[in-house]
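Below: the structure, in structure tokens.
Protein chains in written order, with our numbering: chain A, 4 to 425; chain D, 714 to 803.
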């Protein structure tokens, strides 16, 4: 089947446009019909291709000469023609030949499939160059494929210059498109510097937050500073923070004092007042140490900042500051170093004593009641008769005879009892 | 499995209807504008192209790269978004 179908009517409109542009033909108005494109195409481009047709007839006779010339050809044209020169159907067939089942080849998909075919041809061409000698033998054996491919090769040879021009032009087009893509990527690249802004803000906020991690106002100041990016303003903010730092220190002292009050109240329950005094003295010792320590920490740090900011200005505005040493590690005020040690053993002792005291009282009461009960029971058991209890009851009654008789009886009984006791 | 963005989830959750092309995952303002200039102003037009390319990943990635200059991640996001939408609604 003929590979070159020189019927531009089969080409799509975009294909015709690209061909015209490739041959430096002025395009008709945008919304003109396909026929106009076809006419222009036939006028300008077909003139060149008639040369190719003439060469077809001549070349079919000579086979072996063309085969030898294969190796010098462009790898892309070794087997197939330029994908752009194919019709839609041919392009589809060529893709199918390479094992690619292509979808509809429409205006929007045409370019993609051509690109795909080119890739496949290049890969085949690389293989074809390696096996050039073998292909020569193959061509001599096969019949129809031989002629067609020879025809193509001959066309490639005779119109080598023209096709080279076409490929060059098409590659120029490809370069234009790729350059457009490059522009797009460059435009995308130009967006990157914008991305630095939020990072810069973060850097600023990070440095400032590290500097002001102790202070509650850091968030508001960092947000305000992110908007403005000048060193002088940042220094002013640092100075402003100094004033805040002193107030924060005073607040801390008050908080410490409040905690101490709680301790003193708990101490009053059991421990002597001496303990309270010692506690307070210790706390008093702690607080003055805390202040100078903090001030010492602040001053060198702030000096470092001042040294850092003017020195490390980069053209892009991004800089890195030395991180302020973490205050929790070494610079923590002693006030908070020993919050529990003077208190914990005292509280524990108090708690133990309290635990012991309350149950002791209960135990004593219980013991007393139990002893009383036991004594009463013993008294009842010791006296075999209930006479003492009855006499106690009769004393209450004004009865005389029974009472006298009972009294006599009791006296008689008491005397032997007393004798027994003795 | 890479995690899907909120944009992807929102797009795949319902029929696209008349959503603009910027509703596609991976297509932001810049890329959406470029696509619109080429005529792909609605998401369903891009869907049309996706279907014409027979939902082939490589072809669709090449196409969207050539059309609006999307990078590899954006190509993948857009492809995944459309593919999942098709699996759900087509």
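For glycine and all other residues, C-beta sits at the position ideal for the given N, C-alpha and C.
Quick one, are the C-beta atoms of residue i and residue j less than 8 Å apart?
i                      : j                      : result
residue 109 of chain A : residue 119 of chain A : no
residue 744 of chain D : residue 788 of chain D : no
residue 13 of chain A  : residue 90 of chain A  : yes
residue 105 of chain A : residue 95 of chain A  : yes
residue 721 of chain D : residue 790 of chain D : yes
residue 768 of chain D : residue 794 of chain D : no
residue 29 of chain A  : residue 16 of chain A  : no
residue 31 of chain A  : residue 41 of chain A  : no
residue 19 of chain A  : residue 47 of chain A  : no
residue 772 of chain D : residue 115 of chain A : yes
Any idea what DSSP makes of residue i, helix, strand or coil?
i                      : result
residue 44 of chain A  : helix
residue 375 of chain A : helix
residue 732 of chain D : coil
residue 122 of chain A : helix
residue 751 of chain D : coil
residue 101 of chain A : coil
residue 801 of chain D : helix
residue 738 of chain D : coil
residue 784 of chain D : coil
residue 385 of chain A : helix
residue 792 of chain D : helix
residue 745 of chain D : helix
residue 27 of chain A  : coil
residue 12 of chain A  : helix
residue 90 of chain A  : coil
residue 367 of chain A : helix
residue 761 of chain D : helix
residue 326 of chain A : coil
residue 725 of chain D : helix
residue 107 of chain A : coil
residue 717 of chain D : coil
residue 319 of chain A : coil
residue 348 of chain A : helix
residue 767 of chain D : coil
residue 85 of chain A  : coil
residue 37 of chain A  : helix
What do you get for residue i, buried or exposed, if any count of 16 or more other CB atoms within 10 angstroms of its CB means buried?
i                      : result
residue 782 of chain D : buried
residue 725 of chain D : buried
residue 780 of chain D : buried
residue 370 of chain A : exposed
residue 777 of chain D : buried
residue 117 of chain A : buried
residue 21 of chain A  : buried
residue 676 of chain D : The structure shown does not extend to residue 676 of chain D, since chain D spans only 714 to 803, so no value can be given for it.
residue 730 of chain D : exposed
residue 723 of chain D : exposed
residue 734 of chain D : buried
residue 383 of chain A : exposed
residue 124 of chain A : buried
residue 368 of chain A : exposed
residue 86 of chain A  : buried
residue 113 of chain A : buried
residue 216 of chain A : Because the pLDDT of residue 216 of chain A is 47, which lies under 50, any placement of that residue in the model is unreliable, and the question is left without a value.
residue 801 of chain D : exposed
residue 766 of chain D : buried
residue 376 of chain A : exposed
residue 351 of chain A : exposed
residue 792 of chain D : buried
residue 93 of chain A  : buried
residue 99 of chain A  : exposed
residue 756 of chain D : buried
What I want to know is whether the C-beta of residue i ends up closer than 7 Å to one or more non-hydrogen atoms of the ligand PLP.
i                      : result
residue 748 of chain D : For the structure depicted, the ligand PLP is absent and the ligand set is empty, with no information on it obtainable.
Give the residues from the stretch 746–767 of chain D that approach chain A closer than 8 Å (Cβ to any Cβ), ordered along the chain.
747, 762, 765, 766 and 767
Per the contact definition of three or more C-beta pairs closer than 8 Å, is the stretch 761–772 of chain D in contact with the stretch 733–742 of chain D?
The stretch 733–742 of chain D is not in contact with the stretch 761–772 of chain D.
Under 9 Å, CB to CB, which of the residues in the stretch 106–117 of chain A have a partner in chain D?
So the close ones are 106, 107, 109, 111, 112, 114, 115 and 116.
Check distances from the C-beta atoms of the stretch 772–786 of chain D to those of chain A and list, in chain order, the residues that come in under 8 Å.
772, 775, 776, 778, 779, 781, 782 and 784
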